[in-house]
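Reading through the C-alpha cells given below for one structure.
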Amino acid sequence: MDNKEKEIRSVWKLIMLHLLPGIMLSTIYILLLKGGVLEGYPRLVILGLAGIFSIIPLELGYLFYVAKKEVGSFNILKILGLQSKMKVKEMLFYTLSLFMVVGILMTAFNPLSNIILNTVFSWIPSSYNYVQDMSLFDRHFIIISLFVSFFFFTLILPIIEELYFRGYLLSRMKWMGKCSVILNVLLFAVYHFWSPWLILSRIIALLPLYYFVYKKDSLKLAILVHCLCNFTDVVILITLL
1 MDNKEKEIRS VWKLIMLHLL PGIMLSTIYI LLLKGGVLEG YPRLVILGLA GIFSIIPLEL
61 GYLFYVAKKE VGSFNILKIL GLQSKMKVKE MLFYTLSLFM VVGILMTAFN PLSNIILNTV
121 FSWIPSSYNY VQDMSLFDRH FIIISLFVSF FFFTLILPII EELYFRGYLL SRMKWMGKCS
181 VILNVLLFAV YHFWSPWLIL SRIIALLPLY YFVYKKDSLK LAILVHCLCN FTDVVILITL
241 L
C-alpha cells in the first residue's frame with residue numbers, strides 16, 4: 001500500500017476519528033460522576049479512570065486494528081508517520097523551547113479561559129470541572145492523584161494521544177499541506193470535551209508546537225513536549241505533600 005492509498009482524504013472521517021475518543025471519555029466521565037463512583041476522590045482520578053476505559057481501547061485499539069489490516073501484524077510503529085530522526089542537541093533545543101512556548105501561552109491565556117468558563121460555559125455544573133483546589137484534600141488523596149497524574153496523564157495518555165493524533169492522523173493528512181496542522185490542532189482542542197473552556201487557549205498554545213512537529217517530521221518531539229507539559233501538574237502536586 002503506497003503513501004497516497006494510506007492518506008485519509010475524507011474530512012468527515014477525519015472529524016470522526018479526532019472527536020469520537022473525546023466524546024467517549026467525556027460520556028464515561030459524566031456517568032462515573034453521576035453514579036457516585038469514587039465519590040470523595042479528586043475528580044482528576046475519576047477523569048483518569050474514564051480515560052482508561054475510553055482513550056486506551058479506542059485510540060490504541062484503532063491503531064492495532066489499522067496495523068493488522070495494513071501490515072498483517074500488531075506492530076503499530078509500521079503504520080505511523082513523522083519518524084524522521086533529529087540530532088540529540090536539536091531535539092533538546094526544540095523540546096525545551098516549545099515546552100516554554102506552550103507554557104507561556106497557556107498561562108497568558110488562562111484569564112481568558114476563566115472568563116469563557118464563567119460566561120460561555122457557565123451552564124456546566126462546577127461538579128463537572130476536574131480542576132480542583134487539591135490543597136483541600138487529605139494527604140492520601142493527593143498521593144493517589146500524584147500517581148494518576150504521573151503514570152496516566154504524564155506518560156500513558158500523552159504517548160497514546162501523540163501516536164494516534166500525530167503519528168497516525170496528522171501524517172495521513174499531509175495532502176492538505178500546512179492546513180493539516182491547523183485542522184489537526186483545531187480538532188484536537190475540541191476533542192477535549194471535558195474542558196471546552198480551554199479550546200481557544202489550546203489552539204493558540206499548540207499551533208507552534210505541532211507546526212514544528214510537522215516541519216521536523218518528528219513524532220518523538222511531539223511526545224516529549226506533551227509529556228513534559230503534563231508533568232508540570234505532577235510537580236504542583238508534589239509541592240502539596
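Per the UniProt record's numbering, the very first residue in the sequence shown carries number 1; after that it's consecutive.
Cβ coordinates follow ideal geometry from the N, Cα and C atoms, glycine included.
The model shown is predicted, which means the values in this text are computed figures rather than measured ones.
Considered as a whole, the segment 35 to 77 harbours 43 to 52 and 61 to 71 as its complete alpha helix (DSSP H) runs of no fewer than 4 residues, in chain order. For R202, the uninterrupted alpha helix (DSSP H) segment begins and ends at I199 to K216. P42 sits close to S145, with the two beta carbons spaced by under 7 Å. Segment contact: the segment 192 to 212 against the segment 101 to 110, three or more CB-CB distances shorter than 8 Å; contact assigned. Contact between G48 and F152 holds: CB atoms are separated by about 5 Å, below the 8 Å threshold. Runs of the alpha helix (DSSP H) lying entirely within the segment 106 to 191 and spanning at least 4 residues, in chain order: 110 to 118, 139 to 148, 157 to 162 and 179 to 191.
Around the beta carbon of R172, a 10 Å sphere encloses 16 or more other beta carbons of the protein chains shown; the residue is thus reported as buried. Contact annotation: Y211 and V190 have beta-carbon atoms that are not nearer than 7 Å. Just so you know, the alpha carbons of K178 and T95 end up roughly 21 Å apart.
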